[in-house]
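**Q** Dumping the structure here so I can ask a few things about it.
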Amino acid sequence: MNNFSLEAELNAFLSPHLIKDYCPNGLQVEGKADVKKIITGVTACQALIDRAIEEKADALVVHHGFFWKGEAAEIRGMKYRRIKALIENGINLYAYHLPLDVHTQVGNNVQLAQRLDLDITGGLELGNPRSVAIYGELDQAISGEDFAARIAMALQREPLHIAPSSSNLIKKVGWCTGGGQDYIELAFQQGCDAFISGEVSERTTHIARELGIHYFAAGHHATERYGVKALGEWLAQEYNFDVTFIDIDNPV
Numbered sequence: 001m002n003n004f005s006l007e008a009e010l011n012a013f014l015s016p017h018l019i020k021d022y023c024p025n026g027l028q029v030e031g032k033a034d035v036k037k038i039i040t041g042v043t044a045c046q047a048l049i050d051r052a053i054e055e056k057a058d059a060l061v062v063h064h065g066f067f068w069k070g071e072a073a074e075i076r077g078m079k080y081r082r083i084k085a086l087i088e089n090g091i092n093l094y095a096y097h098l099p100l101d102v103h104t105q106v107g108n109n110v111q112l113a114q115r116l117d118l119d120i121t122g123g124l125e126l127g128n129p130r131s132v133a134i135y136g137e138l139d140q141a142i143s144g145e146d147f148a149a150r151i152a153m154a155l156q157r158e159p160l161h162i163a164p165s166s167s168n169l170i171k172k173v174g175w176c177t178g179g180g181q182d183y184i185e186l187a188f189q190q191g192c193d194a195f196i197s198g199e200v201s202e203r204t205t206h207i208a209r210e211l212g213i214h215y216f217a218a219g220h221h222a223t224e225r226y227g228v229k230a231l232g233e234w235l236a237q238e239y240n241f242d243v244t245f246i247d248i249d250n251p252v
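Right under this line is the structure:
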C-alpha cells in the first residue's frame, strides 16, 4: 500500500481529527512510498528503530512518537539520531497517541479492560463520548489484594497498590492507561471503588488515602503495550500486511 494511503486508512479507523492532542497524529516522518512490512511498538525510541532497521521494515507504527507540545523544536542530539535513522532507511513513522487510547476496538483502555475482565460502562468525563478515562465493573466484588494479583498476572508486573484504611471490596473500577493518575478524583466522584493508571504522582497516594479509594499504578508502558499491538493485528487482518509487534520493555 502507498504510505499516504496507509495514513488515510489509519486516520479513518482512529479518527484523530476528533481529538485534541499534545502531538501530531498520523505520518510523522515520511519514508519509502510502498509499505509491506510493518513493525509496531509502544515508543519510537532508538532501540525500536534499530529493530525496525534489522527487520527491514517499511513502516513503524507507535503510540508514542515525536514532536510533543512544549518540547524543543530543534532536531539535534537524540532526536536527530532517531529521525536520521528513519530517513536513511526509508522507514515511515506513524504515531497515534490519544486516538489510540480511546478507540473502542483497539484502544489501550479497552485492551486493558479485556485483560482484567472488566465490563465497560462509560466514560468518566460525563458528556464526552471520547473520554480519555473510563469506568466499568467486575463480575463480582473482590479484595484489593486479589485485584492486585489479577493485574500482576495480566501485565506480568507487580502494580503499586495504595489501599484505603478500610478493607473495601472492589466492584466498580475507573481506569486510564498511561499518565492518567489525575483522573482518580473523577473516579471517586463517579462512585468507583478503585482506580487504575499507568503512572503515579506523589500526590496520588495522599488523594487515594484521603478519599478511601483503592489505587493501582500498573506502569505506563505495561498498560499501553496492547493497543498498538491490537492495531497491528487489525492492519494484518484487514490489509494483509506483514506486521510484527516488538516490545522494548520499560519499567516505568
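Using the numbering used here, read the sequence shown as starting at 1 and increasing by one per residue. Note that the Cβ used here is the ideal one computed from N, Cα and C, for glycine as well.
Alpha carbon to alpha carbon, how far is Glu158 from Thr223? Give it in angstroms, no decimals.
**A** 12 angstroms
**Q** With distances taken from CA atoms, which of Leu86, His17 and Arg115 is nearest Arg225?
**A** Relative to Arg225, the option among Leu86, His17 and Arg115 whose CA is nearest is Arg115.
**Q** Go ahead and pull the three-state DSSP assignment for Phe66.
**A** Note: Phe66 maps to coil in three-state DSSP.
**Q** Mind listing, in chain order, the continuous alpha helix (DSSP H) runs of no fewer than 4 residues lying wholly within the segment 148-200?
**A** 184-189
**Q** With Leu6 as the anchor, note down where its alpha helix (DSSP H) starts and where it stops.
**A** In this chain, the alpha helix (DSSP H) harbouring Leu6 covers Asn3 to Leu14.
**Q** For Phe29, list the residues DSSP reports as bridge partners.
**A** According to the sequence provided, residue 29 is Val. The question's Phe does not apply to it. Leu93, per the DSSP bridge assignment.
**Q** Rounded to whole angstroms, what is the Cα-Cα separation between Gly191 and Arg76?
**A** 47 angstroms
**Q** Express the C-alpha separation of Ile87 and Asn11 in angstroms, rounding to a whole number.
**A** 22 angstroms
**Q** Would the segment 105-112 count as touching the segment 38-55 if we require 3 or more Cβ pairs under 8 angstroms?
**A** With a cut-off of 8 angstroms, the segment 38-55 and the segment 105-112 do not count as touching, because too few Cβ pairs lie within range.
**Q** On a CA-only basis, which of Ile184, Gly65 and Gln181 is nearest Arg82? Give me that one, please.
**A** Gly65
**Q** How many angstroms separate the CA atom of Cys176 from the CA atom of Leu169?
**A** 20 angstroms
**Q** Given a threshold of 16 other Cβ atoms within 10 Å of its Cβ, counted over all protein chains shown, does Val252 qualify as buried or as exposed?
**A** exposed
**Q** Output the distance between the C-alpha atoms of Ala8 and Tyr94, rounded to the nearest integer angstrom.
**A** 11 angstroms
**Q** Does the beta-carbon of Tyr80 have 16 or more other beta-carbons within 10 angstroms, so that it is buried, or is it exposed?
**A** Burial call: exposed.
**Q** Let me check understanding here. Comparing Cα to Cα, which of Leu60, Ser167, Thr204 and Tyr239 lies closest to Tyr183?
**A** Thr204
**Q** Between which two residues does the beta strand (DSSP E) holding Ala217 run?
**A** His214 to Ala217
**Q** How big is the Cα-Cα spacing for Gly144 and Pro164?
**A** Approximately 9 angstroms between the Cα atoms of the pair.
**Q** How would you call Thr40, buried or exposed, if buried means at least 16 neighbouring beta carbons within 10 angstroms?
**A** buried
**Q** Please report whether the beta-carbon of Arg82 lies at a distance below 7 angstroms from any beta-carbon of chain D.
**A** Within the model displayed, chain D is absent; a lone protein chain is all it includes.
**Q** Report the three-state DSSP secondary structure of Asp117 (helix, strand or coil).
**A** In the three-state DSSP reduction, Asp117 falls in the coil class, being neither helix nor strand.
**Q** Counting C-beta neighbours from all protein chains within 10 Å, is the total for Pro129 16 or more, i.e. buried, or is it exposed?
**A** exposed
**Q** Tell me the rounded alpha-carbon separation between Leu124 and Val173.
**A** Between Leu124 and Val173, the C-alpha separation is close to 10 angstroms.
**Q** Where Glu71 and Gly179 are concerned, what is the direct C-alpha to C-alpha distance, given to the nearest angstrom?
**A** 17 angstroms
**Q** Strictly by DSSP, which residues pair up with Thr40?
**A** Under DSSP, the beta-bridge partners assigned to Thr40 are Val61 and Phe245.
**Q** Using a 10 Å radius around the Cβ and a threshold of 16 neighbouring Cβ atoms, would you call Ala57 buried or exposed?
**A** buried
**Q** Is it the case that the Cβ atoms of Phe245 and Ile38 are separated by a distance below 7 angstroms?
**A** no
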